[in-house]
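Input: a single structure, listed below in structure tokens.
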Amino acid sequence: MEYIFRIMRYDPLKDMYPFFQDFIYQTQEKKSVLEALMDIRNEQDCTLSFRYSCREAICGSCAMVINGKFDLACRTELEMFESSLIVIEPLPNLEIQKDLLVDMEPFFEAMSKIEPYIQTEGGLSEEGYRIEEKEMEKIFQYINCIMCGCCYSACPVASRDERYLGPAALAKLYRFVKDPRDKRPFSNWSRVNTEGGVWGCDTIFKCNEVCPKNVRPADGIEALRRKLVVEKVKRIFRFKR
Ligand code: SF4
Ligand code: FES
6 MEYIFRIMRY DPLKDMYPFF QDFIYQTQEK KSVLEALMDI RNEQDCTLSF RYSCREAICG
66 SCAMVINGKF DLACRTELEM FESSLIVIEP LPNLEIQKDL LVDMEPFFEA MSKIEPYIQT
126 EGGLSEEGYR IEEKEMEKIF QYINCIMCGC CYSACPVASR DERYLGPAAL AKLYRFVKDP
186 RDKRPFSNWS RVNTEGGVWG CDTIFKCNEV CPKNVRPADG IEALRRKLVV EKVKRIFRFK
246 R
């Protein structure tokens, strides 16, 4: 089978603008888009740059736009395409470092702001923690996030407002706030009660649409909004008593 890989190229050290370059790629085997990119790099152009690590849809590093769809290159099989033309672009709204490599710093910076780790009272228990299955069900989809950045990159709010933490970070915060082991104080997570936090979301649901792991970040943002309002009301009543 012969494919035309139309790949966006850009080297900020020598190119004025990004451009598309075509590569003819032939294979008789079942290959993923990532494997094809590796073959093209190894056999046709060793300067082609892209990021990957696990090759098993776990690390999130090979996210890109493939024929207009946000996806992981390592889990996208060539045989699923009806056309032999495969257009590959880097994630939008993030600075291109080279070709398909983008600067993920804004995404990880937002993630670090929500302190994405369990915060307990008095340190970790040596006996471990038991969690009811029904409690886990509430956070399970958010645990599946592999931090690929697709939702952040597709989000129209994150693209226009640098204050906005973005869908993945806010959904991740909800995952910890709902985790029965996490005891972070209200003063910690209520910091997202802002335009740069949960109220910045335009509820366009693009994040839900593009996530390759079926996480629904917008649901987490909505749930955080509700929880913030409920907590605020509870606090007002407690104060008045
Ligand atoms: Fe990627 Fe989905 Fe996590 Fe967003 S929520 S970073 S799209 S895995
Ligand atoms: Fe890890 Fe694709 S290489 S998700």
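Numbered as in our numbering, the sequence shown ends at 246 without a single skipped number. From the three backbone atoms N, C-alpha and C, an ideal C-beta is built for every residue, glycine too.
Check: Near ligand 2: A78 beta-carbon under 8 Å from a heavy atom; Outcome: yes
Check: I151 CB to nearest heavy atom of ligand 1 below 8 Å; Outcome: yes
Check: Span of the alpha helix (DSSP H) around V215; Outcome: 211–215
Check: When M21, F86, Y57 are compared against K35, the one with the closest alpha-carbon; Outcome: F86
Check: Closer than 8 Å: P95 CB and nearest ligand 3 heavy atom; Outcome: Of the ligands one can find in the structure shown, namely ligand 1 and ligand 2, none is ligand 3.
Check: Span of the beta strand (DSSP E) around E94; Outcome: 90–94
Check: Residues that DSSP places opposite K74 in a beta bridge; Outcome: I71
Check: Host alpha helix (DSSP H) of F145 (start-end); Outcome: 138–148
Check: Under the three-state DSSP convention, the category K35 falls into; Outcome: coil
Check: Neighbourhood of E236 by C-beta, 8 Å cutoff - its chain only, sequence neighbours within 5 removed; Outcome: F191, S195
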